[in-house]
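Some notes on the structure that comes next.
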Amino acid sequence: MHTSVREINLCSDTSYFLRVDWEGCNFSTGFQLLLTDGQDAWRGEVRGEVVCNEAEELEMPLERYIEDVEQAFTGRENSNTYNFTLTPNPPGHSSTLTLTYEKMQKDISFRLGCVLLKAVPEPAEAVRNLLIHSLQRGNNLQHHNQRLQEENERLRGEQQHITAELKRYVGGKEALEAELYSRFVLVLNEKKAKIRSLQQDVTKLEEMRCTHLLAEDLISVCECDVCRKCRRERAAPLMNIQTGSPLELLFIAYLSIESEQSNTKDVLVMIDDFTKFAMAVPTPNQ
């Protein structure tokens, strides 16, 4: 059995309290009503077939009609959405009353239904039961609220603990990333320096090899030319000359090379003593 108590507003200065009892998950099987002003009490019942007939008369789906009736009697919706009318009003000590419940929608009111209420022989007992139910309901809500507060405190403590752990993990992650990045930069710089050193070594080896090959070619050509043209001349050997920077001492010479067609060609040869860099340029004449 489900029970709901709410205050309803009628066209009078007296406050009325309405208790609704129903079985099942909704009002489809009917419900019982108890209306009281604190002194008198009236009781009525709406059966399940009446609920179905009211929905058919309004041409509404049964589920939608039951939802509207539940919201009207349990107060789950805005109080201005549903209105109640009591006949006669004020009831005085009438033995029977008619409670009509309506719904307001876009300034249009349409009747959801009505129920006949009969006076309770012992209204004091009915009011007492209503007060007992209200007190029990209030105590249950208070205990439930206390449990929710305790659960909320527990969850707040867990949240603070988790937040602190997350901050610690984030700090450790950032420190680890910084350390890994510094190591990566260090290794990368070492690799770059190693590659740069290897490139310089390769360049020096290539220059030395080119200089050596060119020197061999020039020496062989010069020996042929000297043997052909200057067999009687002797050249004095150069002294041991040392240089300290590029372009400090350049050796410049002209060579005459005789090709297979017996055509003589002149070549200008320049050699830097420091870098041993040699360059040969063909010229039309000396």
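Going by UniProt numbering, the sequence shown opens with residue 1, and the numbers climb by one from there.
Where a beta carbon is used, it is the ideal one built from N, C-alpha and C, also for glycine.
As the structure is a computational prediction, the values presented were derived from the model and not from experiment.
- With contact defined as three or more Cβ pairs closer than 8 Å, the stretch 112 to 128 and the stretch 83 to 98 are in contact.
- By alpha-carbon distance to residue 74, the top candidate from 19, 181, 30, 124 is 19.
- Taking C-beta atoms as the reference points, residue 123 and residue 72 fail to come closer than 8 Å.
- In terms of Cβ geometry, residue 274 and residue 207 do not form a close pair [threshold 8 Å].
- Secondary structure note for residue 30: its beta strand (DSSP E) is the uninterrupted segment 30 to 36.
- By the beta-carbon neighbour count (other beta carbons within 10 angstroms, threshold 16), residue 36 is buried.
- The straight-line gap separating the alpha-carbon atoms of residue 1 and residue 153 is approximately 33 Å.
- Taking 8 Å as the cut-off, the beta carbon of residue 51 is found no closer than this to the beta carbon of residue 84.
- Going by DSSP, residue 83 is part of the beta strand (DSSP E) stretching over 82 to 87.
- Counted as a single uninterrupted DSSP element, the alpha helix (DSSP H) harbouring residue 74 occupies residues 62 to 74.
- When secondary structure is reduced to three states using DSSP, residue 113 falls in the strand class.
- Look at residue 281 here: in three-state DSSP terms it is strand.
- A direct Cα-to-Cα measurement between residue 135 and residue 143 gives close to 12 Å.
- Straight-line measurement puts the Cα of residue 148 at about 35 Å from the Cα of residue 103.
- The straight-line gap separating the alpha-carbon atoms of residue 39 and residue 127 is approximately 8 Å.
- Non-local beta-carbon contacts of residue 80 in its own chain, meaning distances under 8 Å to residues more than five positions away in sequence, involve 104 in chain order.
- With a threshold of 16 other beta carbon atoms within 10 Å, residue 65 meets it and is buried.
- Burial state of residue 34 is buried, judged by a 10 Å Cβ sphere holding 16 or more other Cβ atoms.
- Your pair residue 284 and residue 267 does not check out as a contact, with CB atoms roughly 11 Å apart and the cut at 8 Å.
- Nearest in C-alpha terms to residue 3, of all of 182, 169, 31, is 31.
- Membership of residue 45 in the beta strand (DSSP E) is indicated by the continuous run 41 to 47.
- Exclusion of the five residues before and after residue 132 leaves no residue of its chain whose Cβ lies closer than 7 Å to its Cβ.
- Residues of the same chain with a CB within less than 8 Å of the CB of residue 110, apart from the 5 flanking positions on each side, are 58, 102, 103 in chain order.
- Per the DSSP secondary-structure output, residue 16 pairs in a beta bridge with 8.
- The alpha carbon of residue 256 has as its nearest neighbour, out of 280, 43, 271, the alpha carbon of 280.
- In the structure shown, residue 269 adopts extended strand secondary structure according to DSSP, grouped into three states.
- With a cutoff of 8 Å on beta-carbon distance, residue 10 and residue 86 are scored as near each other.
- Counting only runs of at least 4 residues, the stretch 153 to 231 fully encloses no alpha helix (DSSP H) element at all.
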